[in-house]
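Peer 1: Sharing a structure, written as structure tokens. Questions coming.
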Amino acid sequence: MRKKTVTLRSTKLAVCVVLLALFTCSCAERLAQFPCPPPPPTLSAPASTSAPGTNSAEISPAPAASTSATPEAHLAASKTNYAVVRIFYATDRKLTGLCRPSLFYGNVRAEDGPLSFGEAQVSIPKDHKPGMLESPSIWRHEDPSRDVVLLGVNPFSSPEADKTFFDELAGQIATAKSHQVFVFIHGFNNTFEDAIRWTAQMAHDIHFEDEGVAVVYSWPSAARFVDYPADEATVEWTELHLRTFLEELLSQTHATAIHLIAHSMGNRALVRVLSRMALESSPAAQPKFNQVVMAAPDIDAGVFKQIAGTFVPVATHVTIYVSSRDKALIASRKFHTYPRVGYTYPTVTIVPNIDTIDVSALNTSFSGHSYLVDNRLILSDIARLINAWVPPDERGLAPHLQNNQTYWTFQPPSAK
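Put into structure tokens, the structure is as follows:
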């Protein structure tokens, strides 16, 4: 009888702990829903830093959205506990009006306005391990010294937001070692916060911070598994905005090289944009972009083979990463009936003048879909690809033949 009483008490205690944790999370989320306080009045605010949609002659610059500490406090802490990575962004997501960085932009389309531009700050812990996106759990709050945290979001003001953005970006590129830039285009089921954190982790893990500047293009994914059809419609809607952004990037930054990295469904918008840009360019024109990396592309393989030849000339080199262990693309194939480029069944997608790399031999996440950022060997391979263009046969990849066409594979770590 006493054992039953002790067990019952232990069960009640466990339930209370769980309920307390959920209540704490709920309170935190509710607090995050309060809008940003209005900035204090001033007569000398510069237009380039005033709040979106406001008169810079009447109010002060809007403060960066911040989780808790000021930027100065973050800078001081970064000297001992974490590094801060600066990420530029362009997005056609709608502003929420909320102050918390993770909720600054929502998951719906900004139907009535142009692209929004700005920069964000992300913490990378000093003991960060490549291929890890350190994150908090329900048992503890996010901590920049332990987690990859979106610390702040600084939007550039309208109507000169695009000019301010490209001026700032060009200045940053000019001070970088190799004057390069890479643009990351995320995939299905990603929030704005997800996209920023992924970009920062990737830039850090492939050692791009000293070489150039990282930029994210964040389209308004609904960020829910059940909204897959909605994301398919939205990624098509964002194509015109992505093209406009890439064309301005080409004309206004004077970067020595522009690399494009897309993941999952984001590849659909990228491929269509590159195809149209190539068709409207002179056949004798030089490639507009340097390395194009397509990771886990959620694209119809048949459609891709039809249009791949058109966009290849717009880039110096194109690389595709595929896997047989990608559960997300297995589900996508069942949903669409037809094979996906990023999934190796029934055959590996091979296209002339494009390197296809099969990563199936490597251990990745449970879903096998986010290997772009969660496997250090793949990140190392991308680093050698982007930072120094090392061909596949010199990166330790093994060649394989399929119908007299070559694709490449990672060898299992135990086989090396």
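Here the sequence shown stands for residues 15 to 430, numbered as in the working numbering. Positions of the beta carbon are idealized from the N, C-alpha and C atoms, including for glycine.
(1) If you follow the alpha helix (DSSP H) that residue 291 is in, where does it begin and where does it stop?
(2) Out of curiosity, what's the CA-to-CA distance linking residue 144 and residue 341?
(3) Which class does residue 339 belong to by DSSP, given the choice of helix, strand or coil?
(4) Quick one, which of 327, 268 and 281 has its alpha-carbon nearest residue 292's?
(5) Just to confirm before moving on: does the CB-CB distance between residue 226 and residue 195 stay below 8 Å?
(6) When burial is assigned at 16 or more other CB atoms within 10 Å of the CB, is residue 94 buried or exposed?
(7) Less than 8 Å between the CB atoms is what I'm expecting for residue 358 and residue 381, so what's the real figure, rounded?
(8) How would you call residue 54, buried or exposed, if buried means at least 16 neighbouring beta carbons within 10 angstroms?
(9) Taking the continuous alpha helix (DSSP H) assigned at residue 243, which residues delimit it?
(10) Going by beta-carbon coordinates alone, are residue 99 and residue 122 separated by less than 8 Å?
(11) How big is the Cα-Cα spacing for residue 354 and residue 311?
(12) Closest by CA to residue 132, which one among 158, 351, 234 and 176?
(13) I believe residue 308 touches residue 276 by the beta-carbon criterion, under 8 Å. Please report the beta-carbon distance rounded to the nearest angstrom.
(14) Across which residues does DSSP place residue 422 in a beta bridge pair?
(15) Excluding the 5 residues preceding and the 5 following residue 209 in the sequence, name in chain order all residues of the same chain whose CB lies nearer than 6 Å to its CB.
(16) Can you tell me which of 412, 401, 317 and 384 puts its alpha carbon nearest to the alpha carbon of residue 371?
(17) Kindly examine the ligand FMN and report whether one of its heavy atoms sits closer than 7 Å to the Cβ of residue 325.
(18) When you compare the CB positions of residue 174 and residue 162, do they come within less than 8 Å of one another, or not?
(19) Which residues does DSSP list as the beta-bridge partners of residue 139?
(20) For residue 204 and residue 334, what's the separation of their Cα atoms in angstroms?
(21) Let me know the secondary structure DSSP gives residue 385 once reduced to three states.
(22) Check residue 37 in the structure and name its three-state DSSP category.
(23) Assign residue 415 to one of two classes, buried (16 or more other C-beta atoms within 10 Å of its C-beta) or exposed (fewer than that).
(24) What residue does the beta strand (DSSP E) around residue 123 start on, and which one ends it?
(25) Mind checking who residue 169 pairs with in its DSSP beta bridge?
(26) Going by DSSP, what residue range makes up the beta strand (DSSP E) through residue 237?
(27) Where does residue 199 fall in DSSP's three states?
(28) Could you check the C-alpha separation between residue 224 and residue 392 for me, to the nearest Å?
(29) Going by DSSP, which residues form a beta bridge with residue 390?
(30) Can you have a look at residue 296 and say buried or exposed, based on whether 16 or more other CB atoms are within 10 angstroms of its CB?
Peer 2: Answer, in terms of the structure:
(1) As a first step, residue 291 is located in the sequence shown; it is residue number 277 there, counting from the start. Element bounds for residue 291: 280-293.
(2) Position 130 of the sequence shown, counting from 1, holds the residue named residue 144. Position 327 of the sequence shown, counting from 1, holds the residue named residue 341. Each residue's Cα considered, the two are about 23 Å apart.
(3) Residue numbering aside, residue 339 sits at position 325 when the sequence shown is read from its first letter. Three-state result, residue 339: coil.
(4) Here residue 292 refers to the residue found at position 278 of the sequence shown. Selected option, being the one with the closest Cα: 327.
(5) What you label residue 226 is simply residue 212 of the sequence shown in a count that begins at 1. What you label residue 195 is simply residue 181 of the sequence shown in a count that begins at 1. Contact: yes.
(6) Start at 1 with the first residue of the sequence shown, and residue 94 comes out as number 80. Under this definition residue 94 is an exposed residue.
(7) Position 344 of the sequence shown, counted from the first residue, corresponds to residue 358. Position 367 of the sequence shown, counted from the first residue, corresponds to residue 381. So it is not a contact: roughly 16 Å between Cβ atoms.
(8) As a first step, residue 54 is located in the sequence shown; it is residue number 40 there, counting from the start. For residue 54, the predicted model reports a pLDDT of 37, less than 50, meaning its position is unreliable; a value from the coordinates is still stated below. Exposed, because fewer than 16 other Cβ atoms sit within 10 Å of the Cβ of residue 54.
(9) Against the sequence shown, residue 243 aligns to sequence position 229. Where residue 243 is concerned, the enclosing alpha helix (DSSP H) stretches over 242-251.
(10) Residue mapping note: residue 99 aligns to position 85 of the sequence shown, counting from 1. Residue mapping note: residue 122 aligns to position 108 of the sequence shown, counting from 1. Taking 8 Å as the Cβ cut-off, residue 99 and residue 122 do not qualify as a contacting pair.
(11) By one-based count along the sequence shown, residue 354 stands at place 340. By one-based count along the sequence shown, residue 311 stands at place 297. Spanning the two alpha carbons is a distance of roughly 7 Å.
(12) Sequence index remark: in the sequence shown, residue 132 carries index 118 (1-based). Of 158, 351, 234 and 176, the residue nearest in Cα terms is 176.
(13) Taking the first residue of the sequence shown as 1, we reach residue 308 at position 294. Taking the first residue of the sequence shown as 1, we reach residue 276 at position 262. About 6 Å separates the two Cβ atoms, so the contact holds.
(14) Reading the sequence shown from its first residue, position 408 is the one you call residue 422. According to DSSP, residue 422 bridges with 371 and 413.
(15) Indexing the sequence shown from 1 puts residue 209 at position 195. Cβ within range, chain order: 200, 230 and 232.
(16) The sequence position of residue 371 within the sequence shown is 357, counting from 1. The shortest Cα separation from residue 371 among 412, 401, 317 and 384 belongs to 412.
(17) Ligands in the displayed structure: none, and consequently the ligand FMN is not present.
(18) The residue you call residue 174 lines up with position 160 of the sequence shown. The residue you call residue 162 lines up with position 148 of the sequence shown. In this structure, residue 162 does not lie closer than 8 Å to residue 174 by Cβ.
(19) Numbered from 1 along the sequence shown, position 125 holds the residue referred to as residue 139. According to DSSP, which records beta bridges pairwise, residue 139 is partnered with 96.
(20) Along the sequence shown, read from residue 1 onward, the residue named residue 204 stands at position 190. Along the sequence shown, read from residue 1 onward, the residue named residue 334 stands at position 320. Roughly 21 Å separates the two Cα atoms.
(21) One-based indexing of the sequence shown puts residue 385 at position 371. Helix, per DSSP.
(22) Counted from its first residue, the sequence shown places residue 37 at position 23. In this prediction, residue 37 scores a pLDDT of 37, lower than 50, which makes its location untrustworthy; the coordinate-derived value is nonetheless stated afterwards. Helix at residue 37.
(23) Residue numbering aside, residue 415 sits at position 401 when the sequence shown is read from its first letter. Exposed, by the Cβ-count rule.
(24) Along the sequence shown, read from residue 1 onward, the residue named residue 123 stands at position 109. Taken as a continuous stretch (DSSP letters only), the beta strand (DSSP E) holding residue 123 covers 119-123.
(25) The residue labelled residue 169 in the question sits at position 155 within the sequence shown. 132.
(26) What you label residue 237 is simply residue 223 of the sequence shown in a count that begins at 1. Taken as a continuous stretch (DSSP letters only), residue 237 belongs to no beta strand (DSSP E), as it is neither H nor E.
(27) By 1-based counting over the sequence shown, the position of residue 199 is 185. Strand at residue 199.
(28) On the sequence shown, residue 224 is found 210 positions in, with the first residue counted as 1. On the sequence shown, residue 392 is found 378 positions in, with the first residue counted as 1. Each residue's Cα considered, the two are about 20 Å apart.
(29) Start at 1 with the first residue of the sequence shown, and residue 390 comes out as number 376. For residue 390, which the question treats as bridged, DSSP gives no partner whatsoever.
(30) Taking the first residue of the sequence shown as 1, we reach residue 296 at position 282. Classification for residue 296: exposed.
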